[in-house]
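Top to bottom, those sequences are chains G, X, C, U, Y and W. First residue of the first sequence: 809, per my numbering; consecutive thereafter. First residue of the second sequence: 809, per my numbering; consecutive thereafter. First residue of the third sequence: 809, per my numbering; consecutive thereafter. First residue of the fourth sequence: 671, per my numbering; consecutive thereafter. First residue of the fifth sequence: 671, per my numbering; consecutive thereafter. First residue of the sixth sequence: 671, per my numbering; consecutive thereafter. Every residue gets a Cβ at the ideal spot worked out from N, C-alpha and C, and that includes glycine. The structure appears right after this line, and notes come after that.
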Amino acid sequence: MDFNQLLSNFLAPPVPFFFLGLIAVLLKSDIEIPQQISKFISLYLLMAIGFKGGVELHHSGFSTEVGLVLICAMAMAILTPLYAYWILRKRLDIPNAAALAAAFGSVSAVTFITASNILADADIAFGGEMVAAMALMESPSIVIGVWIYRKYHDHGANAQHLDLKELLREAFLNGSIVVLLGSLIIGLVSHEKGMQIMQPFTGGIFKGMLSFFLLDMGVVAGKRLGAIKQAGWFLVGFGILLPLFNAAIGIGISYMLGLNQGNAFMFTVLCASASYIAVPAAMRIAIPEANPGIYVPVALAITFPFNIMAGLPLYYYIIELIHK
Amino acid sequence: MDFNQLLSNFLAPPVPFFFLGLIAVLLKSDIEIPQQISKFISLYLLMAIGFKGGVELHHSGFSTEVGLVLICAMAMAILTPLYAYWILRKRLDIPNAAALAAAFGSVSAVTFITASNILADADIAFGGEMVAAMALMESPSIVIGVWIYRKYHDHGANAQHLDLKELLREAFLNGSIVVLLGSLIIGLVSHEKGMQIMQPFTGGIFKGMLSFFLLDMGVVAGKRLGAIKQAGWFLVGFGILLPLFNAAIGIGISYMLGLNQGNAFMFTVLCASASYIAVPAAMRIAIPEANPGIYVPVALAITFPFNIMAGLPLYYYIIELIHK
Amino acid sequence: MDFNQLLSNFLAPPVPFFFLGLIAVLLKSDIEIPQQISKFISLYLLMAIGFKGGVELHHSGFSTEVGLVLICAMAMAILTPLYAYWILRKRLDIPNAAALAAAFGSVSAVTFITASNILADADIAFGGEMVAAMALMESPSIVIGVWIYRKYHDHGANAQHLDLKELLREAFLNGSIVVLLGSLIIGLVSHEKGMQIMQPFTGGIFKGMLSFFLLDMGVVAGKRLGAIKQAGWFLVGFGILLPLFNAAIGIGISYMLGLNQGNAFMFTVLCASASYIAVPAAMRIAIPEANPGIYVPVALAITFPFNIMAGLPLYYYIIELIHK
Amino acid sequence: MQNDIKRIEIITDYAFLSRLVKVIDGTGVSGYTILKDVAGKGLRGNKDGHGIAGGFKNCYIMVCCDEKEAKKVVEAVKPLITKYGGICIVSDAHWVIHN
Amino acid sequence: MQNDIKRIEIITDYAFLSRLVKVIDGTGVSGYTILKDVAGKGLRGNKDGHGIAGGFKNCYIMVCCDEKEAKKVVEAVKPLITKYGGICIVSDAHWVIHN
Amino acid sequence: MQNDIKRIEIITDYAFLSRLVKVIDGTGVSGYTILKDVAGKGLRGNKDGHGIAGGFKNCYIMVCCDEKEAKKVVEAVKPLITKYGGICIVSDAHWVIHN
Ligand SMILES: Nc1ncnc2c1ncn2[C@@H]1O[C@H](COP(=O)(O)O)[C@@H](O)[C@H]1O
Ligand SMILES: Nc1ncnc2c1ncn2[C@@H]1O[C@H](COP(=O)(O)O)[C@@H](O)[C@H]1O
Ligand SMILES: Nc1ncnc2c1ncn2[C@@H]1O[C@H](COP(=O)(O)O)[C@@H](O)[C@H]1O
Ligand code: NA
Ligand code: NA
Ligand code: NA
């Protein structure tokens, strides 16, 4: 489909509901979505995308391409925080630079899911390995971020040591990853049979549930926007330019790996997205000196909206040109 | 369909679940539905009805009829509280009369949605403008109620003034209205494409979700019934007769506007229903002297059950006779 | 289907999600499902199974067989706690023995629902009377348990007397039973018409919602596993052997009543399952000396997993052999 | 501007909330505040506040009243707490505003 | 190690939370703690905390500060509480850690 | 009928609840009460209690114990609070019932 068609996708649910939530908050509406509901729907989304990914993976099977994709995904998750940190240090202190760098090394599941909708609308498939890649990319940057922080920011390392063990467990076994990977495995094992059982739940109402979640995301993003003003233009620019830079790398890697259009798009989205859930939760514990009022809003109120609004259509468009 | 068929509709979900909840409470069952779930489902219902209304509105388009309907809806929302207040003052003090009058000037989304189900069962369509009318009718009576209250009930007006601004914002930008109107606009813009995306969510599970919500409504209504005894027969009578009177006016207006059967029914339901969510929330702030233990139960435990039990079938029947 | 096919059912959702939750907890993942969501989904499941049961009951109608099934179900609910108590007293004190015995006289709705999925996968129908039987079996054992406790455990009986009245009301009118029976009646009355209205909600997304609930159950069971170690091997053995014994009786009764394969399976499952919701809630009030840390884990972390993992396939297999 | 009051706090299993409220209403105090989602640990083990399995959760009730009423409330809830478990503590506070 | 503070507790209808927070922010206290799901009973009847029907529920705000700030906070919230109902009580406590 | 106790209240980011509970369990106190949905504001900014975005929310822990245990608890939680933020305050109360 051409660029206009593509843009028209953003006038159809789920995306506009994000802006509905955003606008509601800017208009000072009292709209409130209970956090227990947010938790429910986010677990649902992870369950659904993981399960579908597993079924896909059963079909595509494990090839060397799959292996290469996972390795490159891992590499991006490890390298991104390093150069992101180097850039951020120009303006931020060590703890905040390390925490924000970690956020950009990780991924945003909702951005990934929104991207998968674009492909669905265009009848383009993508491999289940991309879901595995997402799971794989969620945590490594946490370790890198903490490592940088410990390296440059002198600290009672011993007192920390025990913490570290627990931190790793929390990083790699947080609820999101467990549900995502677990559902992927269940999908992998049960495939057709499972899919036919789960279809109305993981398929039918999926986009509606995503719309509801994006409404919620819009509300939260709106509440965090204020913090951006304090953050200043440097961080606004960073929140837009780094995703573009990472997307370029992602497109390049996809090209070299010869990924098909769907996989190339999803891989690029993974590289370009930043985490506002898993990483912040870990950073709050691992780098308490860092200010959540900085690293959450940049990922949630700048990078996320930029991606679903402008980034996704752009990445899609470029990749389509390449594959013509 | 004839009256018997129609009544038989009330033995099928969703309506009976309201009575299940009501009976459960009267039997002193410990049944409890978490308020976060109530909030989730009510937002879902507003999202669904708003979205469908928007798609409808795209099809019907904006005609002079649409304009006239919206104007009449607005007029009813403004006039109802005036004569309702005049009646209520015979027994209630100024604050309570003003607050209760405001409730009857506004509308009940769940009554509207239940009514839309009757039309769906009878394969009768109604225009999306009715949803717009509902949104339009939700808040004006709040302003009228407060205006009456300020007029007759001497008060530190200056101290109030700032409040007033905030109050208007809260009245016209409360979460329900924003989600309802926002979803309507999203439906209007995305129409077929959007509908096909949202159908399983906003359509498929809709009546089930409504059933669950009515179960919840029944429980709450049951808990509020006690307050009615205190309220006394005057308010019970008022909670039944005013809807009938407003329905008559609604039918008359529909006839003069030459609305089709579906629109006439929905317009009548809007006139006959009273608000137990938006208005009470605003009244608690604007007219603190009024007793929520009076104005909520009348709208929730008398008018609402009366409408879905007897009112809706009656209005439907009369309007069908007219259109034969 | 043969045993392998049957086992393969347990690799397909919903069952594996129970183990995902269990494993997540054992891996010390921070996975957390808000209790309000648990409450919502459990009410949903009761509403759905009750409604479907009512529709089924409308088709099958009330025969003498139905009457006999309900009588036998009642008998099992009354007798089980008696011999269960006799066994448990060998190791436990009176309050704990009475409370745990009561749990095994009652039933597990989720086990029942999981069993109904196996039949659905094998295209085997079962009568709505089995749902009525489930409702009927939920509470009697509470009365028996309290009666035993009062009989053997001397107590200020008068002070208790008032309590008792309230207790019975709580036992027979707890939220679960009211929603289950109420939905059954609504299904009975609205049958086809109702079913067609509710299908996407009570049918379509049912297995997905059940999967989500089992994930939750797995998490809770995992958290309760620790308590088992204290409970010791006697209780572990009891939690496995009593269900097997009851299943044998259930199969015997089904054979004598000449129940068809579906009904025989469901009746057996009712006999073999133990309550971890309704009964514990009542026991906490009626037998405060009993330790919830004992009677909940045995039913939830031993009997429930055993049944859905090994019990159900086994019961199914035996009953299929009988019916060949 | 300030007059002294007692601040009574009761924490026990959620299952007994309705009973507690009934006895407290019986003492005729002007009001009380309730929290329904309370976790914790005590002699009767861990209340992790899970929704399934008969709710391993507590309730919290706070009553502000004068010393005389306080005695009444304590006497009224004592049998429940001693039988069903939980705690009841009293501390001193001052009304600033009560309307 | 310890220095004395005042512990202010405010309970009122949830509808006024945003207004309360605004005036408390105005007093410049270092912080406060909020509970959003609070049930209870008072002169304005029963708040059973139901989600529908304009939320019959309360909010709870706790502020720890020194005596001077305490006076400010009390003066600031007084008009709201006296107009909208609820309670405001003050008790003594000690900072142990504040960071 | 009454014996004096200390009432310790700790409020900090929800992320540290499990750690806090662990150290408090270590002190061997007889019990504690936990609230999991706590909003608020402090030196580390606004906790509006939103579900997404790594939960900007707090936890609340209340421990009733005698003065000796109280010292232990305070010492135990001090490093966590000083490192991760939040507050810990102590006030006086009386056991009325503890069973
Ligand atoms: N020492 C304590 N300090 C604070 N809360 C307590 C204490 N002891 C018990 N509780 C609360 O009371 C509930 C019931 O106590 P128990 O009956 O002893 O298990 C516990 O789950 C705690 O929430
Ligand atoms: N004496 C009291 N003790 C504890 N809480 C109270 C008391 N009086 C009122 N409250 C709380 O304040 C809320 C509003 O009080 P009111 O405006 O008097 O209805 C009530 O719902 C209770 O939660
Ligand atoms: N002065 C205070 N009074 C009451 N609660 C406070 C106070 N300061 C901090 N808190 C609570 O402790 C949490 C964390 O504090 P902080 O680490 O300073 O941001 C805040 O979100 C509040 O809930
Ligand atoms: Na990334
Ligand atoms: Na009206
Ligand atoms: Na049983």
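Under 9 Å between the Cβ atoms of residue i and residue j?
i, j, result
"I993(X)", "F848(C)", "no"
"A1107(G)", "C1079(G)", "no"
"I757(W)", "T682(W)", "yes"
"S916(X)", "S1083(X)", "yes"
"L975(G)", "I902(G)", "no"
"L1086(X)", "F826(X)", "Sequence inspection shows Ala at residue 1086(X); the Leu mentioned does not correspond to that position. Cβ distance not < 9 Å, so A1086(X) and F826(X) don't count as in contact."
"F818(G)", "K1015(C)", "no"
"S868(X)", "G935(X)", "yes"
"I675(W)", "T752(U)", "no"
"L1022(G)", "V986(X)", "no"
"E946(X)", "S984(X)", "yes"
"I1127(X)", "F1073(X)", "yes"
"I886(G)", "I950(G)", "no"
"G1011(G)", "G858(G)", "no"
"D838(X)", "L981(C)", "yes"
"A941(C)", "L878(C)", "yes"
"L830(G)", "P1113(G)", "yes"
"V693(Y)", "A746(Y)", "yes"
Could you please give me the residues that DSSP links to residue i through a beta bridge?
i, result
"Y730(Y)", "I681(Y) and L705(Y)"
"I759(Y)", "W765(U) and E679(Y)"
"G710(W)", "T703(Y) and K717(W)"
"C1079(X)", "Note: C1079(X) sits in no beta bridge, so no partner."
"D929(X)", "Paired residue(s): none; D929(X) is not in a bridge."
"D1024(C)", "Partner(s): none; D1024(C) has no beta bridge."
"C735(Y)", "K676(Y)"
Quick one: is the Cβ of residue i within less than 8 Å of any heavy atom of ligand 6?
i, result
"N1054(C)", "yes"
"A1080(C)", "yes"
Pop quiz: residue i and residue j are said to be a contact at Cβ under 8 Å. What is the actual Cβ separation, rounded to whole angstroms?
i, j, result
"A923(G)", "M1091(G)", "In fact, because the Cβ distance is near 25 Å, the residues do not count as touching under 8 Å."
"V760(W)", "T697(W)", "About 14 Å; that fails the 8 Å criterion."
"G719(Y)", "G701(U)", "With a Cβ gap of about 15 Å, G719(Y) and G701(U) do not count as contacting."
"Y893(C)", "A906(C)", "6 Å"
"N728(W)", "V708(W)", "4 Å"
"A933(G)", "G1070(G)", "5 Å"
"A1098(X)", "I1036(X)", "In fact, because the Cβ distance is near 16 Å, the residues do not count as touching under 8 Å."
"P1121(G)", "G1002(X)", "About 18 Å separates the two Cβ atoms, so there is no contact after all."
With a threshold of 8 Å, establish whether the CB of residue i neighbours any heavy atom of ligand 5.
i, result
"S984(X)", "no"
"M884(X)", "yes"
"F1114(X)", "no"
Confirm the yes/no value for this check: CB of residue i, any heavy atom of ligand 4, distance under 8 Å.
i, result
"G829(X)", "no"
"M945(G)", "yes"
"V1133(G)", "Examination of residue 1133(G) is not possible in this model, given that chain G is present from 809 through 1132 alone."
"T888(G)", "yes"
"F1073(G)", "no"
"F1046(G)", "no"
Run the proximity test for residue i: is its beta-carbon closer than 8 Å to any non-hydrogen atom belonging to ligand 3?
i, result
"N673(Y)", "no"
"Y702(Y)", "yes"
Is the beta carbon of residue i within less than 8 Å of some heavy atom of ligand 2?
i, result
"M732(Y)", "no"
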